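J.: Every letter in the sequence shown is one number past the one before it in numbering that gives the first Met the number 0, and letter 344, counting from 1, is 343.
Ideal placement from N, C-alpha and C gives every residue a C-beta, glycine not left out.
From a predicted model like this one, the values you see are computed outputs, not experimental measurements.
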Amino acid sequence: MPKVLIADKINEKGVEVLEGSAEVVNNPTITPEELLETIDQYEGIIVRSRTKITKEVIENAKNLKIIARAGVGVDNIDVDAATDHGILVVNAPQSTSITVAEHAMGLMLSLSRKIAIADASVKAGKWEKSKFMGMELRNKTLGVIGMGRIGSQVVKRSKAFEMDVIVYDPYITEETAKELGVEITTLDDLVQKADVMTIHVPLTPETKGLISKDELAKMKDNAILLNCARGGIIDENDLYEALKERPELKAGLDVYENEPLENSPLATLDNVVLTPHIAASTKEAQRDAAIIVAKEVKEVINGNTPSNVLNMPLVDSETFQTLKPYFKLADKLGQTLVQITTPNISELNIVYSGEINGRSKEPLTRELLKTFLNPILTEPVNSVNAKAVAKQRGIKLTEGETEDSGKYDATIKVEVKYDDNETTIEGTVENGVTKIISIDNYEVNLELEGLMGIIKYVDLPGTIGTIGNILGNYKINIGEMQVGRKSAGGEAVMVLKVDQEITSEAIAELEETKDIEVVKSVKL
Ligand code: NAD
0 MPKVLIADKI NEKGVEVLEG SAEVVNNPTI TPEELLETID QYEGIIVRSR TKITKEVIEN
60 AKNLKIIARA GVGVDNIDVD AATDHGILVV NAPQSTSITV AEHAMGLMLS LSRKIAIADA
120 SVKAGKWEKS KFMGMELRNK TLGVIGMGRI GSQVVKRSKA FEMDVIVYDP YITEETAKEL
180 GVEITTLDDL VQKADVMTIH VPLTPETKGL ISKDELAKMK DNAILLNCAR GGIIDENDLY
240 EALKERPELK AGLDVYENEP LENSPLATLD NVVLTPHIAA STKEAQRDAA IIVAKEVKEV
300 INGNTPSNVL NMPLVDSETF QTLKPYFKLA DKLGQTLVQI TTPNISELNI VYSGEINGRS
360 KEPLTRELLK TFLNPILTEP VNSVNAKAVA KQRGIKLTEG ETEDSGKYDA TIKVEVKYDD
420 NETTIEGTVE NGVTKIISID NYEVNLELEG LMGIIKYVDL PGTIGTIGNI LGNYKINIGE
480 MQVGRKSAGG EAVMVLKVDQ EITSEAIAEL EETKDIEVVK SVKL
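Take a look at the structure:
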């Protein structure tokens, strides 16, 4: 049974998911030294944030297929090193959405009703009723910045409070906005109209400092600003200045530019509520994260594809269904190419056509690269590291599309440049059969399967007969044969399906024969 290490404390429910599928080693206090020594035994590892999966750990992890983070952030995992070694990294971003949304609602209420400051006052022995006049949320405008997993949960909850919602998220469509019952607007408009503004975008170069001096200045006098996303999206100095000057402006923060927050002037203000990055910390979120990643680990050790992969682009299910018949083709083309070229590849150009156009072909490209590179290299190449390995080997990869798929539903054409040569091979899937339809731009049409031969020769009377005779002498029976040529007497290509493998002796004799140029044996 495959072994899975649980290296940090995760919820029991996650461990239960793996029972029966893996031998689970639950060692939540494992030391870095122990981890380094024993990691090669495991096919899967589940961590939270305590265990560091460094490059060194990954280099020792000879059997590891998946690193699962029972949570969201993967700062403790060297994702690039995992990618280079073909190891999947998964997390559970959806596990915390409701928990974080609820925290945002909590901060919202805490500020609109001055709960935190009133609590501190009562605990200090005071009874300052008139000081804590609140604001009702009903009919107020909620401005949501970032309408992803968490943003949309906040919207859902705010509707129960009878709030009107406006959203700033340039990456969602009008259609999605309609479905969610929200109005899309610009950041500038949102900032001016919102009574409560809540941030749910990732921290990117684009969102760093998204809310700074200018935006703060445009906010309504008694507005509330919330950040449960990432520190740095609000400029903290600008926020402090604004809150100090305008005591009716309020802010609720769970995340900071530097964590833990130390000696921040924000902590001296009454119109701010601060929590120590706990928006995602609930038992339910931790349980869900453990279950989600344990299911992912189970999928991977059973040979299936997980859904929350961070280091391999996945496609939507519709695209996947369209691409599905072509995986075998990509695989056979890769296998054929590796047998008819040399490992010294400088360029690989892949052109897709037909029904697969307009969709992400990333999984097909990776499949082709995987089968093409695997036999050449000692390090295992898989769909995760295929592109990274090609890059490391200096292979220039291009992918494109062409309108023209001829009479076929779709085609994949691969051009490989190696040494001083180049070879082009093209295939399709016809009635479920994987076929080669051209080689070096000579048209053929033969199933890409079993034992084959590809022979380049000069198209002169008798050459085909000679090839047949030589193969016959070696007791190699030709099952099917297709020839392609551009003009009589010029260069031609023969693609054969044979019943016995074309041996090296047969290849040598054929290549010594006049008018026969190159002979390649292919085994699929
Ligand atoms: P998500 O990817 O589901 O949604 C992010 C949304 O932001 C998307 O709809 C995207 O289109 C939008 N967006 C991206 N760039 C934008 C821009 N420049 N302007 C406006 N919108 C933009 O992410 P999520 O799971 O909802 O997480 C949202 C944030 O919450 C992230 O920053 C995440 O790190 C953070 N988070 C914090 C905690 C915590 O403990 N406080 C826990 C979980 C997640």
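#1: What are the residues that DSSP puts in a beta bridge with Ser437?
#2: Do Asp408 and Thr423 have their beta-carbon atoms positioned less than 9 Å apart in this structure?
#3: Report back the beta-carbon spacing between Thr197 and Leu225 to the nearest angstrom; my notes put them in contact at under 8 Å.
#4: Do Ile116 and Asp269 come within 9 Å of each other at the CB atom, strictly closer than that value?
#5: Using only alpha-carbon positions, find the residue among Thr462, Ile76, Gly72, Leu495 that is nearest to Gly478.
#6: Return the bridge partner residues of Asp163 from the DSSP annotation.
#7: Tell me the rounded alpha-carbon separation between Glu508 and Asn381.
#8: Using only the alpha-carbon positions, how far apart do His276 and Gln334 sit?
#9: Suppose contacts are defined by Cβ-Cβ distances below 9 Å. Is Lys369 in contact with Ala387 by that definition?
#10: Hey, quick one: how far does the alpha helix (DSSP H) through Leu35 stretch, first residue to last?
#11: Can you pull the DSSP bridge partners for Ile198?
#12: Report the three-state DSSP secondary structure of Met107 (helix, strand or coil).
#13: According to the neighbour-count rule (16 or more other Cβ atoms, all chains shown, within 10 Å of its Cβ), is Val121 buried or exposed?
#14: For Thr175, report the span of its alpha helix (DSSP H) as first-last.
#15: Can you list, in chain order, the residues of its chain whose CB lies under 6 Å from that of Ser404, leaving out five sequence neighbours each side?
#16: Counting only runs of 3+ residues fully inside the segment 342-417, write out the beta strand (DSSP E) ranges in chain order.
#17: Looking at the ligand NAD, does it come within less than 8 Å of Asp213, judged from the CB to the closest heavy atom?
#18: Say the cut is 8 Å; is the CB of Asp187 nearer than that to a heavy atom of the ligand NAD?
#19: Cα separation between Met451 and Thr502?
#20: How far does the alpha helix (DSSP H) with Gln285 in it reach, from first residue to last?
#21: Give the range of the beta strand (DSSP E) segment to which Gln535 is assigned.
#22: Can you tell me which of the three DSSP states Tyr456 falls into?
#23: Comparing alpha-carbon positions, which option in Gln499, Glu161, Phe131, Ala228 lies nearest Gly145?
#24: Straight-line CA distance for Met218 to Val350?
#25: Would you list, in sequence order, the uninterrupted beta strand (DSSP E) runs of no fewer than 3 residues that lie entirely inside the segment 226-279?
#26: Under three-state DSSP, which class holds Gly333?
#27: Looking at Ala176 and the ligand NAD, is the gap between the Cβ and the nearest heavy atom below 8 Å?
#28: If contacts are defined as beta-carbon pairs under 8 Å, then Ser345 and Lys416 qualify, I think. What distance do you get, rounded to the angstrom?
#29: Do the segment 282-291 and the segment 325-334 touch if we need at least three Cβ pairs shorter than 8 Å?
#30: Measure the Cβ-Cβ separation of Ile233 and Gly251 and say whether it is below 9 Å.
#31: When you measure from the CB of Gly483 to every non-hydrogen atom of the ligand NAD, does any distance come out below 8 Å?
#32: Roughly how many whole angstroms lie between the Cα atoms of Ala103 and Lys192?
#33: Nearest-angstrom Cα distance between Thr50 and Ala6?
#34: If you check the beta carbons only, do Ala81 and Ala293 fall under 9 Å apart?
T.: Judging by the given coordinates:
#1: Glu425, Glu442.
#2: Their beta carbons are not under 9 Å apart, which means Thr423 does not touch Asp408 by this criterion.
#3: A Cβ-Cβ distance of about 4 Å is found for the pair Thr197 and Leu225, placing them in contact under the 8 Å criterion.
#4: Yes.
#5: Out of Thr462, Ile76, Gly72, Leu495, the CA that lies nearest to the CA of Gly478 is found in Leu495.
#6: BP columns for Asp163 point to Thr140.
#7: In this structure, the CA atom of Glu508 is about 37 Å from the CA atom of Asn381.
#8: His276 and Gln334: Cα-Cα distance of roughly 50 Å.
#9: With contacts defined as CB atoms closer than 9 Å, Lys369 and Ala387 fail to qualify as a contacting pair.
#10: Boundaries of the alpha helix (DSSP H) harbouring Leu35: 31-37, taken from the DSSP string.
#11: Ile198 is bridged to Ile144, Asn226.
#12: The answer is helix: DSSP assigns Met107 an H, G or I state.
#13: Val121 sits exposed, since fewer than 16 C-beta atoms from the chains shown fall within 10 Å of its C-beta.
#14: Bounds of the alpha helix (DSSP H) holding Thr175 are 173-179.
#15: Within the same chain, Cβ atoms closer than 6 Å to the Cβ of Ser404 are found at Ser352, Gly353, Thr410, the five residues on either side in sequence being excluded.
#16: List check, beta strand (DSSP E) in window: 344-353, 395-401, 409-417.
#17: Checking the 8 Å criterion, the Cβ of Asp213 is out of range of every heavy atom belonging to the ligand NAD.
#18: Outside the cutoff, so no.
#19: For Met451 and Thr502, the distance between alpha carbons rounds to 11 Å.
#20: Unbroken alpha helix (DSSP H) run through Gln285: 282-300.
#21: The displayed coordinates of the chain run from 0 to 523. Any statement about residue 535 would go beyond what the structure contains.
#22: In the displayed model, Tyr456 falls within a strand according to three-state DSSP.
#23: In this structure, Ala228 is the residue among Gln499, Glu161, Phe131, Ala228 with its C-alpha nearest to the C-alpha of Gly145.
#24: One C-alpha to the other measures close to 52 Å.
#25: The segment 226-279 contains these whole beta strand (DSSP E) runs: 249-252, 271-273.
#26: The answer is helix: DSSP assigns Gly333 an H, G or I state.
#27: No - the ligand NAD has no heavy atom lying nearer than 8 Å to the Cβ of Ala176.
#28: That belief holds up - the Cβ atoms of Ser345 and Lys416 are roughly 5 Å apart, short of 8 Å.
#29: Under the three-pair Cβ rule at 8 Å, the segment 282-291 does not count as touching the segment 325-334.
#30: Between Ile233 and Gly251, the CB-CB gap reaches or exceeds 9 Å.
#31: For the ligand NAD, not one heavy atom lies less than 8 Å from the Cβ of Gly483.
#32: About 19 Å.
#33: Using only the alpha carbons, I get a separation of about 7 Å.
#34: Judged by beta-carbon spacing, Ala293 lies beyond the 9 Å limit of Ala81, meaning their Cβ atoms are not closer than that value.
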